[in-house]
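The structure appears below as structure tokens.
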Amino acid sequence: MGTRYGASLRKRIKKIKISQHSEYFCELCGKYAVKRKAIGIRGCKDFGKVKAGGAYTLNTASA
């Protein structure tokens, strides 16, 4: 991004990118192995289970 778009917006995007590409805990196998496959789709590397969720995080906040 360079010097464009402002510091506060870049910090917000960095926070989203970190949560988007981090590994999440799998309830079935008990490991941190759930990774993002596509927008809103997460899959466990070890167990093979696929789960739908939010675009940036595994679970979305209820309204």
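Heads up: the sequence shown runs through residues 1277 to 1339, numbered per the working numbering.
Where a beta carbon is used, it is the ideal one built from N, C-alpha and C, also for glycine.
Who are the near neighbours of residue i in its chain, counting only those whose CB is closer than 7 Å to its CB and skipping five residues on each side?
| i | result |
| --- | --- |
| K1307 | D1322 |
| G1329 | G1316, R1318, N1335, T1336 |
Could you check what DSSP says for residue i in three-state terms: helix, strand or coil?
| i | result |
| --- | --- |
| R1280 | coil |
| R1317 | Reading off the sequence, residue 1317 comes out as Ile, not Arg. I1317: strand per DSSP, three-state reduction. |
| K1290 | helix |
Of the choices the options, whose alpha-carbon is the least far from that of residue i?
| i | options | result |
| --- | --- | --- |
| K1325 | E1299, C1305, T1336 | C1305 |
| A1331 | F1301, E1303, C1302, S1295 | S1295 |
Can you find the residues in the same chain that come closer than 8 Å, C-beta to C-beta, to residue i, ignoring five residues on each side of it along the sequence?
| i | result |
| --- | --- |
| K1313 | G1319, V1326 |
Contact check, residue i vs residue j under 8 Å by CB: the rounded distance?
| i | j | result |
| --- | --- | --- |
| V1310 | L1334 | 6 Å |
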